[in-house]
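Contents: one structure, followed by commentary.
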Amino acid sequence: MKENLKILIADDNELMRLVMRGLFIKYLDNPSIKQTTNLDDTFECLSQERFDLLLLDINMPNGDSSPQTVVDIKAIYPELKIVMFSGNDKETLEPEYLAAGAIGFIQKNENMNTCTKEIIETVL
1 MKENLKILIA DDNELMRLVM RGLFIKYLDN PSIKQTTNLD DTFECLSQER FDLLLLDINM
61 PNGDSSPQTV VDIKAIYPEL KIVMFSGNDK ETLEPEYLAA GAIGFIQKNE NMNTCTKEII
121 ETVL
């Protein structure tokens, strides 16, 4: 089990943040988890602290997270692993985000438990 990872969950939906927080706590040993609710706060939080993983919602207040957003974040924080998190169609969007530098894509209406576990086991 991975230990002491620092995770930033960026999602405007409180329920989704709670669910993902619970899954990270379930699969990781002693994670440090912070949360933001919009893109501006996400960039601010990233500038103040180093994180191992960013779970990034695509549709948020203060701007959506496009593939270019991933490119921009990776340019500043190349070691940061980014996983996209969205209710949007995974099959349509995932290739663009992976090409931009994301390491995974979790669709909110699929089995988030299984996808989160797979990402943790394979890339973290």
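Going left to right, the sequence shown walks through residues 1 to 124 as full-length UniProt numbering numbers them. Think of the CB as a built atom: it goes at the ideal place given N, C-alpha and C, for glycine as much as any other residue.
Beta-carbon proximity check, residue i vs residue j, cutoff 8 Å
i	j	result
V19	L55	no
K81	Q107	no
Status (buried if at least 16 other CB within 10 Å, exposed otherwise) for residue i
i	result
A102	buried
G104	buried
T122	exposed
S65	buried
F92	Checking the sequence, you will find Thr at residue 92 rather than Phe. It counts as exposed.
S86	buried
A75	exposed
Three-state secondary structure assigned by DSSP to residue i
i	result
D40	helix
M84	strand
D72	helix
L28	coil
P67	helix
Per DSSP, cross-strand counterpart(s) of residue i
i	result
I33	I7
F105	M84
D57	F85
Own chain residues within Cβ distance below 7 Å of residue i, not counting five before or after
i	result
N62	N38, L39, D40
K34	L8, C45
T36	L8, A10, T42, C45
K117	Y27
Y97	P67, V70, M84, F105
Spatial neighbours of residue i in its chain, beta-carbon cut-off 8 Å, leaving aside the 5 residues before and after
i	result
I119	V83, I103, G104, I106
Residues near residue i by beta carbon distance below 6 Å, same chain, minus five either side
i	result
A100	P67, V70, V71
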